[in-house]
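Right, one structure below, let's go through it.
Number of protein chains: 2
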Amino acid sequence: MKTIGIFDSGVGGITVLKAIRRALPTFDILYLGDTARVPYGTKSRETVLRYSLQVGDFLYRKGIDLLVIACNTATAYGLHEIRARYDIPVIGVIEPGAQATVALSRSGRIAVIGTSATVQSGQYRSTIQHYLPDADVREIACPMLVPLVEENWCGTDVAHLILQRYLGQLRGQVDTLVLGCTHYPMLKEDIARVLPGVTQVDSAEETARTIVGLTGVPAPGTLGTLGTTTYYMTDTSQRFAEIASSFLGESVGSIEHIDL
Amino acid sequence: MKTIGIFDSGVGGITVLKAIRRALPTFDILYLGDTARVPYGTKSRETVLRYSLQVGDFLYRKGIDLLVIACNTATAYGLHEIRARYDIPVIGVIEPGAQATVALSRSGRIAVIGTSATVQSGQYRSTIQHYLPDADVREIACPMLVPLVEENWCGTDVAHLILQRYLGQLRGQVDTLVLGCTHYPMLKEDIARVLPGVTQVDSAEETARTIVGLTGVPAPGTLGTLGTTTYYMTDTSQRFAEIASSFLGESVGSIEHIDL
Numbered sequence: 000m001k002t003i004g005i006f007d008s009g010v011g012g013i014t015v016l017k018a019i020r021r022a023l024p025t026f027d028i029l030y031l032g033d034t035a036r037v038p039y040g041t042k043s044r045e046t047v048l049r050y051s052l053q054v055g056d057f058l059y060r061k062g063i064d065l066l067v068i069a070c071n072t073a074t075a076y077g078l079h080e081i082r083a084r085y086d087i088p089v090i091g092v093i094e095p096g097a098q099a100t101v102a103l104s105r106s107g108r109i110a111v112i113g114t115s116a117t118v119q120s121g122q123y124r125s126t127i128q129h130y131l132p133d134a135d136v137r138e139i140a141c142p143m144l145v146p147l148v149e150e151n152w153c154g155t156d157v158a159h160l161i162l163q164r165y166l167g168q169l170r171g172q173v174d175t176l177v178l179g180c181t182h183y184p185m186l187k188e189d190i191a192r193v194l195p196g197v198t199q200v201d202s203a204e205e206t207a208r209t210i211v212g213l214t215g216v217p218a219p220g221t222l223g224t225l226g227t228t229t230y231y232m233t234d235t236s237q238r239f240a241e242i243a244s245s246f247l248g249e250s251v252g253s254i255e256h257i258d259l
Numbered sequence: 000m001k002t003i004g005i006f007d008s009g010v011g012g013i014t015v016l017k018a019i020r021r022a023l024p025t026f027d028i029l030y031l032g033d034t035a036r037v038p039y040g041t042k043s044r045e046t047v048l049r050y051s052l053q054v055g056d057f058l059y060r061k062g063i064d065l066l067v068i069a070c071n072t073a074t075a076y077g078l079h080e081i082r083a084r085y086d087i088p089v090i091g092v093i094e095p096g097a098q099a100t101v102a103l104s105r106s107g108r109i110a111v112i113g114t115s116a117t118v119q120s121g122q123y124r125s126t127i128q129h130y131l132p133d134a135d136v137r138e139i140a141c142p143m144l145v146p147l148v149e150e151n152w153c154g155t156d157v158a159h160l161i162l163q164r165y166l167g168q169l170r171g172q173v174d175t176l177v178l179g180c181t182h183y184p185m186l187k188e189d190i191a192r193v194l195p196g197v198t199q200v201d202s203a204e205e206t207a208r209t210i211v212g213l214t215g216v217p218a219p220g221t222l223g224t225l226g227t228t229t230y231y232m233t234d235t236s237q238r239f240a241e242i243a244s245s246f247l248g249e250s251v252g253s254i255e256h257i258d259l
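Just so you know, the protein sequences line up as chains A and B, in that order. Quick note on numbering that gives the first Met the number 0: the first sequence kicks off at 0 and runs consecutively. Quick note on numbering that gives the first Met the number 0: the second sequence kicks off at 0 and runs consecutively.
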């Protein structure tokens with residue numbers, strides 16, 4: 000296995016890419032952000048699935064060996080159909096996040112935050128309860144959080160007030176919170192101020208761990224050449240390049256524009 | 000003239016539809032919201048133009064007599080190309096808004112708020128300065144306001160804090176503020192609390208006035224049958240139907256799903 004395809008509705012999946020690249024530096028990665036049609040999280044199952052399959056087809060035709068759906072909404076609505084369509088392994092972000100949550104929660108009182116569509120799908124709840132049938136799972140749609148992160152307002156009084164509105168009700172009620180959207184890890188510190196002592200599960204990191212388990216880490220001393228990263232986006236405005244770079248922690252460099 | 004086509008990236012253009020329907024109740028209206036690909040306001044000129052022409056073609060083929068681009072971003076990036084493409088009148092929201100602004104501002108010190116793309120285009124500034132060359136026009140991108148309105152958080156402390164961040168700098172600096180996005184009229188009262196005494200220009204209302212001028216209002220006593228309104232959307236999730244109804248002030252009824 001040499002090439003990993005990662006797709007997201009936009010640039011949030013860069014957090015997954017970053018975690019995978021750190022763990023598996025010799026792999027080539029193709030990242031596709033469907034920035035022309037972002038977000039998926041406010042839209043219907045039908046639309047999300049149609050777009051996800053177009054994106055999946057593009058990456059599959061590039062000859063990838065593994066496909067990562069680095070978007071919670073696309074995973075929630077499309078994982079089964081996407082998995083059935085290709086003859087390569089397909090990994091979504093929900094299963095790894097749910098498994099880590101079950102391992103980490105002591106009380107079984109769990110909350111999941113995500114886009115409207117992810118919450119509507121109920122996929123986190125059902126996956127968590129598959130492993131822990133008695134789990135008490137609350138799901139809260141937080142549609143303001145993606146724009147908040149993209150506005151770069153993490154750490155501000157606006158972030159605090161918005162998180163209070165969404166999460167204040169959970170104080171003392173849960174011991175684990177699933178960050179069910181790839182943008183949310185940027186708000187970890189703000190969330191910790193509203194919900195001190197609550198364990199936050201980052202699905203991006205958990206997904207990277209699952210992939211490392213699947214591919215195997217190269218033995219020490221056998222590390223080959225560093226892999227390449229190629230970025231495709233359906234809209235290549237400067238704004239997306241900037242947000243992508245802030246997620247990556249360095250410039251993403253050149254982005255190839257494609258139409259789907 | 001009998002049938003008016005209105006398009007928007009999503010449901011915000013319903014504010015324009017409402018104003019037109021009130022002024023011209025006997026006209027048939029076709030409304031198309033490109034909800035599968037909403038928003039346009041964060042995307043590039045190239046993407047916005049491509050989508051706008053697909054939407055325009057769909058409505059044109061339905062046999063409309065007049066096309067209204069009820070989306071500030073689509074107007075900013077596409078008005079000239081769209082106008083050149085069809086042999087019917089095409090009205091955008093920027094020209095009517097800019098003309099009203101010039102008529103209303105006493106000091107010539109004006110601010111425009113809009114999406115990132117609308118502000119980036121500079122179309123409001125250049126149109127206002129076409130009529131009033133000495134106008135001092137500040138343009139401020141406010142990407143958090145559309146999600147705020149769609150979350151139905153108008154009138155809350157979050158709305159106040161966000162508007163303070165965007166508009167607090169304008170206090171005492173301008174006498175007129177252009178609401179350069181169809182969602183913003185829902186925030187009129189919140190804005191008035193941050194910028195008391197500043198005249199707010201609602202491009203939706205001004206556009207409806209322009210269209211009435213163009214079509215002529217039926218003479219009293221000659222009013223015929225009430226016209227019909229047909230809604231097409233590229234994503235028909237319940238969420239969009241609900242937001243559309245809240246903009247309209249009544250249920251939008253059935254929405255026809257189309258793929259573009």
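A virtual CB, placed ideally from N, CA and C, is assigned to each residue, including glycine. Remember, it's a predicted structure, so these values are computed and weren't measured experimentally.
Cβ-Cβ distance between A/C180 and A/Y165 below 8 Å
no
Among B/I254, B/T100, B/E138 and B/D189, which has the Cα closest to the Cα of B/I161?
B/D189
Hey, which unbroken runs of the alpha helix (DSSP H) at 4 residues or more fall wholly within the segment 93-147 of chain B?
93-103, 115-120 and 122-130
How about A/R60: is its C-beta nearer than 8 Å to some C-beta of chain B?
no
Run down chain B in chain order and give the residues with a C-beta less than 7 Å from the C-beta of A/S43.
D234, T235 and S236
State the CB to CB distance for the pair B/D234 and A/T46, rounded to an integer number of angstroms; the pair is presumed to be in contact (CB under 8 Å).
5 Å
For my contact list, A/I68 and A/A243 are in at a C-beta cut-off of 8 Å; report their separation, rounded to the angstrom.
Not confirmed; about 18 Å, so no contact.
8 Å is my cut-off, CB to CB: does B/I161 come that close to chain A?
yes
Are the CB atoms of B/P229 and B/E255 nearer to each other than 8 Å?
Position check: residue 229 of chain B holds Thr in this sequence, whereas Pro was assumed. Result yes, Cβ atoms of B/T229 and B/E255 sit closer than 8 Å.
For a contact meaning CB atoms closer than 8 Å, what does A/R36 contact in chain B?
A35 and R36
Which residues of chain C have a Cβ atom closer than 7 Å to the Cβ of B/T74, listed in chain order?
In the structure shown, chain C cannot be found, because the protein chains are A and B.
Can you confirm whether B/D7, when its beta carbon is compared against all beta carbons of chain A, has any partner nearer than 8 Å?
no
Figure out for me which residue from B/T206, B/F246, B/I257 and B/E94 has the closest Cα to the Cα of B/L23.
B/T206
Could you name the residues of the segment 94-111 of chain B whose beta carbon sits closer than 8 Å to any beta carbon of chain A, in the order they occur along the chain?
none
Specify the secondary structure class of B/G167 as computed by DSSP and reduced to three states.
helix
Here's the rule I'm using: 16 or more other beta-carbon atoms within 10 Å means buried, otherwise exposed. How should B/A240 be labelled?
buried
Pull up the distance between the alpha-carbon of A/P195 and that of A/A158, whole angstroms please.
16 Å
For B/C153 and B/M143, the rounded distance between their alpha carbons:
12 Å
Beta-ladder partner(s) of A/I3, from DSSP
A/I28 and A/L65
Mind pulling the chain B residues with CB within less than 8 Å of A/S115?
R238
With 7 Å as the limit, tell me which residues of the segment 164-182 of chain B have their beta carbon closer than that to any beta carbon of chain A; keep them in chain order.
R164
From what residue to what residue does the beta strand (DSSP E) around A/D201 run?
T198 to D201
Counting beta carbon pairs with one atom in the segment 80-87 of chain A and one in the segment 107-122 of chain A, are three or more of them shorter than 8 Å?
no
I'd like to know whether the C-beta of B/M143 is nearer than 8 Å to at least one C-beta of chain A.
yes
My output table needs one value for A/Y85: the three-state DSSP class, helix, strand or coil.
coil
Taking Cβ to Cβ, would you say A/P184 is nearer than 8 Å to A/L178?
yes
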